[in-house]
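So the protein lines, in turn, are chains E and U. Going by my numbering, the letters in the first sequence line up with residues 1 to 348, in that order. Going by my numbering, the letters in the second sequence line up with residues 1001 to 1348, in that order. Yeah, the Cβ is synthetic: ideal placement off N, Cα and C, and Gly gets one too. Keep in mind that this is a model prediction, so the values were computed, not measured.
There are 2 protein chains.
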Amino acid sequence: MKQRATITDVARRAGVSVASASRALNGLSASAATVERVRTAAGDLGYIPDATARALKMGRTLQLSFAVDDIGNPVYVEMMKAVQSVVTVPGYRLMISSTGDADDTIDLLRSLSKGYADGMILSPLRVTDRLVEEVRAAPVPVVVIGRLPEGSGVDTVMTDSARGVGIAVDHLVETGRRRIGFVNGPLDTTPGRARQHGFEATAERLGDRHGPAVAAADFTVAAGYDAARTLLAGHGAPGGTGPGPHALDAVVAANDLLAIGVMHAAHDAGVRVPDDLAVVGMDDTELARVFQPSLTSVSLGSGERGTRAAELLLARLADPQREATTVVVPPALHVRHSTRPPHGRDTP
Amino acid sequence: MKQRATITDVARRAGVSVASASRALNGLSASAATVERVRTAAGDLGYIPDATARALKMGRTLQLSFAVDDIGNPVYVEMMKAVQSVVTVPGYRLMISSTGDADDTIDLLRSLSKGYADGMILSPLRVTDRLVEEVRAAPVPVVVIGRLPEGSGVDTVMTDSARGVGIAVDHLVETGRRRIGFVNGPLDTTPGRARQHGFEATAERLGDRHGPAVAAADFTVAAGYDAARTLLAGHGAPGGTGPGPHALDAVVAANDLLAIGVMHAAHDAGVRVPDDLAVVGMDDTELARVFQPSLTSVSLGSGERGTRAAELLLARLADPQREATTVVVPPALHVRHSTRPPHGRDTP
DNA sequence: ATGAAAGCGCTAACAC
DNA sequence: GTGTTAGCGCTTTCAT
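Here it is as structure tokens:
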């Protein structure tokens, strides 16, 4: 807790003006001798330039903000790590906000006017018109991870989760499943809606393989468990009585957390995974790799979305005039034990 | 991306001086009329005070920093959430740093001199003398979550993980286990050492129940898997041949991630959990609740440690002279399926 | 109660 | 190449 030295102290000790000290420190025009003396003076004093003063003068804070609804979700943790590692390179610090609800997000966007950050990456669960408007009106660049209305003129990174659901469904058909249900998250969220469309889009090519869909209260294990119980109870899960003609033998879940909930419900109902019921999750979190049985999951490229969003933000910061860009990160299936064909072998 | 209004604009529009505007806005002495006019002027202009300028003037940024070695670990995520929710109340923003190694941490501590944060919460995996010294020398208050040398004069929140290991061991004995092994993390970490002591301290009261200990390469699932294979192979795991006199029938893991690795290794070796092998983890993360079989785990109060650390920091910020405080959060056992007695029932 | 002015620490014109 | 000076936006004496 010692007192900090200012550039004035350094200048005095080096016997030069503060301007020369500043120039010497920042590698601008200065004689070798001056640079040398300022350097040593700064070293002796343990001088470290004050970020706040510099920010005030330069009009940039070297801080970026990352805002998500629930930082407890592993997906966002992964994004955050990716963002962190990208923005650290050019010297930005990262601030985290877990907003929890849409109004908080808007407040947060507004508070950017305080000028504490040079830009923001936002990954909202619910995209409203008002939100889009606020993003547009933000005093600093904002990159959105998520699906925005067409032509919003906002830098965006998105994935195609609808197609992700399609990929999951196709995988289940290919591995011989006959009736496929869907456990979604809340339908009033952007990802929930997209995934719902994705599931519905498989209806015509699946015919009677297309099973019922149910929406969980939120994207959590507990909600997935509850939703799956409904689904399994209402639509004749196999198990004790053996698979009937309309029994569900596969479930796609809208994320890994829900999928784990589904597996719990199956377990409690005496339904074996993958033998009686195949389960596929989405997001490909570490949980999917680690769970037993390991969970087949559709990666939505969380880490990559974070990386790309960070790059987009950095690019816009470098050139505010550049055209708004949309990056799409494709989904990718990772097959694991939870969807092995019935009676198949079970190796890592 | 509109232009921000400054207090000068507000003052002009209200027809008062900037000083009066400032006072009116901050609720200091000002006539009702002035307050009214300044308020409306500010409202019209959408004025939001600039955080940087205020920080420079006031000498405080309203920002706090939270630094951990690996933000990917669920324990730290939980701490972060807790810290976030405490510091948000008095208006602080939170910056996150994932340091990854000890030198990074020291750099980070040094860079606090830049004055971008008013304080820091630090949870290091390895506590060296140099680190303690740097914490002491830091230009702003630092609260450490972890075990520091006696009398460091630093605000600290710690848990008693050694006792946590003892609690786990006792639970295993009480539920009838005969030989208990230990899968630790790296011994050159502070938690690793503490937990090792905790396990060794059970030796005399356990007698021949006390089994071998092994240290994993780090606190991850993969490392736990590898370590457990060694342990199970070298010390006669039960299973195919039935429990011999020296066969391990229980393992304590130094955290939940390692414990999951142990369960994987057991599964691959044909060892059933909990029937053949009881497993207890530590940290009581969501993973423990969600895994199948659910994992008995010793809570080390991650969330509470975060909360207490944040409170300590806030208290020190409010009164820099207060005496250094150490808060101890006690461990608590959460019994789940992974340690049900052999042939016991298996209900939630 | 209000205004003028100083100044937080730094950088960038602008002269020399 | 270097020193002098202004000023980023704000709060806070100090007069009045």
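Asked                                                                                                                                                                             : Found
Are the region 246-265 of chain E and the region 174-185 of chain E in contact at 8 Å, needing three or more beta carbon pairs?                                                   : yes
Does the Cβ of residue 274 of chain E lie closer than 8 Å to at least one heavy atom of the ligand NAP?                                                                           : As for the ligand NAP, it is missing from this structure, which has no ligand bound.
DSSP state of residue 1219 of chain U, grouped into three classes?                                                                                                                : coil
By a C-beta neighbour count over all protein chains shown, 10 Å radius and 16 as the cutoff for buried, is residue 1026 of chain U buried or exposed?                             : exposed
At what residues does the alpha helix (DSSP H) containing residue 83 of chain E begin and finish?                                                                                 : 74-88
On a CA-only basis, which of E/75, E/65 and E/93 is nearest residue 51 of chain E? Give me that one, please.                                                                      : E/93
Figure out for me which residue from U/1314, U/1152, U/1337 and U/1338 has the closest Cα to the Cα of residue 1140 of chain U.                                                   : U/1314
With distances taken from CA atoms, which of U/1329, U/1327 and U/1312 is nearest residue 1321 of chain U?                                                                        : U/1312
In three-state terms, what does DSSP make of residue 191 of chain E?                                                                                                              : helix
Quick one: does residue 321 of chain E have its CB under 9 Å from some CB of chain U?                                                                                             : no
Have a look at E/96, E/297 and E/192 and flag the residue whose alpha-carbon is nearest the alpha-carbon of residue 340 of chain E.                                               : E/297
Are at least three pairs of beta-carbons, each pair with one atom in the region 275-283 of chain E and one in the region 83-102 of chain E, less than 8 Å apart?                  : no
Answer yes or no: do residue 1270 of chain U and residue 1145 of chain U have a C-beta to C-beta separation smaller than 9 Å?                                                     : no
CA-CA distance, residue 1024 of chain U and residue 1030 of chain U?                                                                                                              : 6 Å
Would you check if the distance between the CB atom of residue 47 of chain E and the CB atom of residue 10 of chain E is smaller than 9 Å?                                        : yes
Distance check for residue 103 of chain E and residue 1006 of chain U, CA to CA, integer angstroms please.                                                                        : 25 Å
Run through chain E and tell me which residues come within less than 8 Å of residue 1260 of chain U, C-beta to C-beta.                                                            : 290
Using 8 Å as the threshold, is the region 1222-1237 of chain U in touch with the region 1192-1201 of chain U, meaning 3 or more CB pairs across them?                             : no
Keeping to the same chain, check which residues put their C-beta closer than 6 Å to that of residue 1241 of chain U; ignore five residues upstream and five downstream.           : In this predicted model, residue 1241 of chain U has a pLDDT of only 43, less than 50, meaning its place in the structure is not dependable; the value taken from the coordinates is given anyway. Counting only Cβ-Cβ distances below 6 Å, and skipping sequence neighbours, we find nothing.
Could you work out which residues of chain U lie near residue 177 of chain E, taking near to mean beta carbons separated by less than 7 Å?                                        : Neighbours of residue 177 of chain E on chain U: none; closest Cβ ~22 Å, over 7 Å.
Return the Cβ separation of residue 292 of chain E and residue 1267 of chain U in integer angstroms, given the expectation that the two are a contact with Cβ distance under 8 Å. : 6 Å
At which residues does the alpha helix (DSSP H) containing residue 1169 of chain U begin and terminate?                                                                           : 1161-1174
Would you say residue 1012 of chain U lies against chain E (beta-carbon separation less than 9 Å)?                                                                                : no
Once the 5 residues before and after residue 1239 of chain U are set aside, which same chain residues still bring their CB inside 8 Å of it?                                      : Residue confidence for residue 1239 of chain U is low, a pLDDT of 44 falling below 50, so the modelled location carries little weight; the figure read from the coordinates is stated next. Contacts found: 1269, 1270, 1271, 1272 and 1276.
Can you find the residues in the same chain that come closer than 6 Å, C-beta to C-beta, to residue 170 of chain E, ignoring five residues on each side of it along the sequence? : none
Name the chain U residues that come within less than 7 Å of residue 72 of chain E, Cβ to Cβ?                                                                                      : 1077 and 1081
Examine chain U for any beta-carbon lying closer than 9 Å to the beta-carbon of residue 144 of chain E, and answer yes or no.                                                     : no
For the region 1241-1294 of chain U, list the beta strand (DSSP E) runs that are entirely contained and at least 3 residues long, ordered along the chain.                        : 1250-1253 and 1278-1282
Quick check: residue 1202 of chain U and residue 1176 of chain U, are their CB atoms within less than 9 Å of each other?                                                          : no
In chain order, what residues of the same chain lie with their CB nearer than 6 Å to the CB of residue 327 of chain E, ignoring the 5 residues before and after it?               : 157 and 308
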